[in-house]
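Engineer:
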Amino acid sequence: MKKNLFYIILSLISINSFSQGSASPYSFYGIGSLNFNGTTENRAMGRLSMVTDSIHMNFRNPASFTGNDLKAFNNEGRLVKFTVSVGNSDINFKTQNASAKSTTTSFDYLGMSVPMGKFGMGFGLIPHSSVGYKLESLDDADLIKYKYSGKGGLNKVLLGLAYQFSESLALGMNFDYNFGNIQNNGVEFLYDDNSEPLDYHSREANRSDLSGFSYNLGITFKPMLTDLIQLHSAFTYSPDYNLNSDNSRTFSSIVINSNSGEEYPINEINVDLESLGLKETNLSMPSKTSIGLGIGKIKKWFIGTEYTFVNTSVFKSDLINIDNSSYEDGSTISFGGYFIPEFSSFNNLLKRIVYRSGIYFEKTGLIINDQSISEVGMTFGVGIPVGNMFSNLNLALEVGKRGTTDANLVEEKFANLKMSLSLNDRWFVKRKYN
């Protein structure tokens, strides 16, 4: 399928669905729009993921799965952490001559961390990328020439193990199994000499079932500078890896219901991709390196910055070639922090709320029509205590912009609202008396 949509126009179609979390036309490329893959708490601090503590999971740094025993437990244990998150995204699309809106609701992640002495183990399920778009292009007579749609994405199941070497130093590793599928459809509309649509149109459907393994290393070093002031530093590294792609392609003649837009295939031809060497292919996935540094007062405030580098230029897919796109190395720089008015104020809930904020600047690594696609966002959030003193409800609002209207591209202005629960309790208690 020849993909040169952005020379034309964004379809004036409002998308409202429950999906893996994307309605972006930029999910048309590669394996889709890459999700942040961090927690709601991370997102609320400008996507800053270097902070680790005793009551929140941190998927982006496996060293967070361990930690020091809590003073609240007489230094005899730590919490079992459980977290789950959902989100909603509203996007306003704009080109030089059109606009559109979309709303999507998504599942963001599910995870649990279990303490085991100086060790810690973590489990998680995270949507890694999302595909969800409906686009169309027009011919010289302003008639619909092509319609494109896509859905699916890539998911990660992770298993992590960490070890606490000292009160300030921890090391961890995640092992990830990546799986999912991506479906891309393109319909060519045909007309007679009077510009009336024919009864039958032509459709090409591509599907790729993806799978593969990857891993992620993480280190945290958090020495005390004074009795209350702590230095926070973190480093993570994910090497490049390959995804196996089992592909299929079908050509069809279809009839389209003029009222519902539903497509009905009349006949189908399955392409012999094996003879073309395209039945099973590999996708080269990039490495990722991040380093963060910050400072904070325990149970009071924190401020920090983080830089992430992604070797996106190595990305390659043998199945679908996109004429007007390429990849460069991507990067993100984040600034953020939190503030707690009075952590021990049990008679005033507002003083115990964690207030978070931040900003980030991202170069996605995607180039379309010689334009480097970038993103910028501001974030705000709160952590509200619920149940016992160790659990909380976290909310994050992220507003920003992605893309540009230059070179016939699409500018997206988005507002993402995320909500998560961090439910923590002590499961393993040593008996002191028989």
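Every number in my numbering is 185 more than the matching position in the sequence shown, counting from 1. Yeah, the Cβ is synthetic: ideal placement off N, Cα and C, and Gly gets one too.
Provide the residue span of the alpha helix (DSSP H) that contains Leu-535, from first to last.
Structural biologist: Within the sequence shown, residue 535 is the residue found at index 350, counting from 1. Run containing Leu-535: 534-537, per the alpha helix (DSSP H) assignment.
Engineer: When burial is assigned at 16 or more other CB atoms within 10 Å of the CB, is Ile-590 buried or exposed?
Structural biologist: Residue mapping note: residue 590 aligns to position 405 of the sequence shown, counting from 1. What sits at residue 590 in the sequence shown is Thr, not Ile. Result: exposed.
Engineer: Give the secondary structure of Ser-498 by DSSP, where H, G and I count as helix, E and B as strand, and everything else as coil.
Structural biologist: Walking along the sequence shown from the start, residue 498 turns up at place 313. Correct three-state label for Ser-498: helix.
Engineer: Which one of Lys-303, Asn-370, Leu-344 has the shortest CA to CA distance from Lys-336?
Structural biologist: The residue given as residue 336 occupies position 151 in the sequence shown. For Lys-336, the nearest C-alpha among the options comes from Asn-370.
Engineer: Starting from Glu-513 and walking both ways along the beta strand (DSSP E), at which residues does that stretch end?
Structural biologist: To locate residue 513, count along the sequence shown from 1; it is residue 328. Run containing Glu-513: none; DSSP gives neither H nor E here.
Engineer: For a quick check, are the C-beta atoms of Arg-263 and Gly-252 less than 9 Å apart?
Structural biologist: Position 78 of the sequence shown, counted from the first residue, corresponds to residue 263. Position 67 of the sequence shown, counted from the first residue, corresponds to residue 252. Going by C-beta atoms, Arg-263 is nearer than 9 Å to Gly-252.
Engineer: Just the Cα atoms here: how many angstroms apart are Leu-582 and Arg-541?
Structural biologist: Your numbering for residue 582 matches position 397 in the sequence shown. Your numbering for residue 541 matches position 356 in the sequence shown. Note on geometry: alpha-carbon atoms of Leu-582 and Arg-541 lie some 10 Å from one another.
Engineer: Tell me, please, whether the stretch 345-356 touches the stretch 314-324 by the rule of three or more beta-carbon pairs shorter than 8 Å.
Structural biologist: no
Engineer: For Glu-583, which residues does DSSP report across the bridge?
Structural biologist: Within the sequence shown, the letter at position 398 stands for residue 583. DSSP lists Thr-564, Asn-601 as partners of Glu-583.
Engineer: For the alpha helix (DSSP H) holding Thr-225, just list the boundary residues, first then last.
Structural biologist: As a first step, residue 225 must be located in the sequence shown, where it is residue number 40. Counting along the chain, the alpha helix (DSSP H) containing Thr-225 begins and ends at 225-229.
Engineer: Determine, using beta carbons only, whether Thr-474 and Leu-551 come nearer to each other than 9 Å.
Structural biologist: Taking the first residue of the sequence shown as 1, we reach residue 474 at position 289. Taking the first residue of the sequence shown as 1, we reach residue 551 at position 366. No, Cβ-Cβ distance for Thr-474 and Leu-551 is not below 9 Å.
Engineer: Inspect the CB distances between the stretch 404-414 and the stretch 354-363 and report whether three or more fall short of 8 Å.
Structural biologist: The stretch 404-414 is in contact with the stretch 354-363.
Engineer: Where does Pro-210 fall in DSSP's three states?
Structural biologist: Taking the sequence shown and counting its residues from 1, one reaches residue 210 at position 25. Here Pro-210 sits in helix by DSSP.
Engineer: Can you have a look at Phe-599 and say buried or exposed, based on whether 16 or more other CB atoms are within 10 angstroms of its CB?
Structural biologist: What you label residue 599 is simply residue 414 of the sequence shown in a count that begins at 1. It is buried - the Cβ of Phe-599 has at least 16 other Cβ atoms within 10 Å.
Engineer: Taking just the CA atoms, how far does Leu-608 sit from Val-440?
Structural biologist: Here residue 440 refers to the residue found at position 255 of the sequence shown. Here residue 608 refers to the residue found at position 423 of the sequence shown. Spanning the two alpha carbons is a distance of roughly 51 Å.
Engineer: Can you tell me which of Val-299, Val-372, Leu-343, Asn-366 puts its alpha carbon nearest to the alpha carbon of Asn-359?
Structural biologist: Within the sequence shown, the letter at position 174 stands for residue 359. It is Leu-343 whose Cα lies nearest to the Cα of Asn-359.
Engineer: Does DSSP classify Asp-238 as helix, strand or coil?
Structural biologist: For the purposes of this step, residue 238 is identified with residue 53 of the sequence shown, where counting begins at 1. It is coil, neither helix nor strand.
Engineer: Check whether the Cβ atoms of Tyr-362 and Val-595 lie closer than 9 Å to each other.
Structural biologist: In the sequence shown, the residue the question calls residue 362 occupies position 177. In the sequence shown, the residue the question calls residue 595 occupies position 410. Cβ distance not < 9 Å, so Tyr-362 and Val-595 don't count as in contact.
Engineer: In the structure shown, what three-state DSSP assignment does Ala-592 receive?
Structural biologist: Sequence index remark: in the sequence shown, residue 592 carries index 407 (1-based). Reduced to three states, the DSSP call for Ala-592 is helix.
Engineer: Can you check the stretch 442-467 for any beta strand (DSSP E) of at least 3 residues that lies completely inside it and give the ranges in chain order?
Structural biologist: 448-455
Engineer: Identify the continuous beta strand (DSSP E) that holds Thr-288 and give its terminal residues.
Structural biologist: The count along the sequence shown starts at 1 and reaches residue 288 at position 103. 284-301 is the span of the beta strand (DSSP E), which, as asked, contains Thr-288.
Engineer: Phe-487: which of Tyr-214, Asp-238, Thr-224, Gly-223 sits nearest, CA to CA?
Structural biologist: Residue mapping note: residue 487 aligns to position 302 of the sequence shown, counting from 1. Out of Tyr-214, Asp-238, Thr-224, Gly-223, Asp-238 has the C-alpha closest to the C-alpha of Phe-487.
Engineer: Counting only the same chain and skipping the five closest in sequence on each side, list residues whose C-beta sits under 6 Å from that of Asp-555.
Structural biologist: To locate residue 555, count along the sequence shown from 1; it is residue 370. So the list is empty, once near-sequence residues are dropped.
Engineer: When the Cα atoms are used, what is the spatial distance from Ile-291 to Gly-272?
Structural biologist: Taking the sequence shown and counting its residues from 1, one reaches residue 291 at position 106. Taking the sequence shown and counting its residues from 1, one reaches residue 272 at position 87. Inspection of the sequence shows that residue 291 is occupied by Ser rather than by Ile. Ser-291 and Gly-272: Cα-Cα distance of roughly 5 Å.
Engineer: Nearest by alpha-carbon distance to Ser-399: which of Glu-513, Lys-330, Gly-345 is it?
Structural biologist: For this step, residue 399 is matched to residue 214 along the sequence shown. Checking every option, the nearest Cα to that of Ser-399 belongs to Gly-345.
Engineer: Relative to the C-alpha of Leu-606, which residue among Gly-588, Gly-585, Ala-592, Pro-570 is closest?
Structural biologist: Indexing the sequence shown from 1 puts residue 606 at position 421. Per the C-alpha coordinates, the member of Gly-588, Gly-585, Ala-592, Pro-570 positioned closest to Leu-606 is Pro-570.
Engineer: Mind reading off the beta-carbon distance from Arg-434 to Glu-491? Whole number of angstroms is fine, and I expect it under 8 Å.
Structural biologist: For the purposes of this step, residue 434 is identified with residue 249 of the sequence shown, where counting begins at 1. For the purposes of this step, residue 491 is identified with residue 306 of the sequence shown, where counting begins at 1. Rounded, the Cβ-Cβ distance is 41 Å, inconsistent with contact.
Engineer: With Met-306 and Phe-267 assumed to form a contact (beta carbons below 8 Å), what rounded beta-carbon distance in angstroms separates them?
Structural biologist: Residue 306 sits at position 121 when you count from the first residue of the sequence shown. Residue 267 sits at position 82 when you count from the first residue of the sequence shown. Not quite, the Cβ-Cβ distance comes to about 13 Å (not below 8 Å), so this is no contact.
Engineer: Determine, using beta carbons only, whether Leu-416 comes closer than 9 Å to chain B.
Structural biologist: The question asks about chain B, but that chain is absent: this structure has only one protein chain.
Engineer: Using CA coordinates, which residue listed in Ser-298, Val-265, Asp-412, Ile-367 is at the minimum distance from Ser-502?
Structural biologist: For the purposes of this step, residue 502 is taken as the residue at position 317 of the sequence shown. It is Ile-367 whose Cα lies nearest to the Cα of Ser-502.
Engineer: Report yes if the C-beta distance between Asn-579 and Gly-588 is below 9 Å; otherwise report no.
Structural biologist: For the purposes of this step, residue 579 is taken as the residue at position 394 of the sequence shown. For the purposes of this step, residue 588 is taken as the residue at position 403 of the sequence shown. No.
Engineer: For Phe-221 and Tyr-449, I'd like the C-alpha separation in whole angstroms.
Structural biologist: Within the sequence shown, the letter at position 36 stands for residue 221. Within the sequence shown, the letter at position 264 stands for residue 449. Cα-Cα distance, rounded: 37 Å.
Engineer: Going along the chain, which residues of its own chain have a beta-carbon closer than 6 Å to the beta-carbon of Ser-516, five neighbours each way excluded?
Structural biologist: For the purposes of this step, residue 516 is identified with residue 331 of the sequence shown, where counting begins at 1. So the list reads Phe-494, Lys-548, once near-sequence residues are dropped.
Engineer: Distance, Cα to Cα, Ile-451 vs Ile-476?
Structural biologist: One-based indexing of the sequence shown puts residue 451 at position 266. One-based indexing of the sequence shown puts residue 476 at position 291. Distance between the alpha carbons of Ile-451 and Ile-476: 55 Å.
Engineer: Please state whether DSSP places Phe-308 in a helix, a strand or coil.
Structural biologist: As a working note, residue 308 is residue 123 in the sequence shown. Phe-308: strand per DSSP, three-state reduction.
Engineer: Which residues in the same chain have their Cβ closer than 7 Å to the Cβ of Met-563, if we skip the five residues on either side of it in sequence?
Structural biologist: Translated into positions along the sequence shown, residue 563 becomes position 378. Hits under 7 Å: Ile-544, Val-584, Gly-585.
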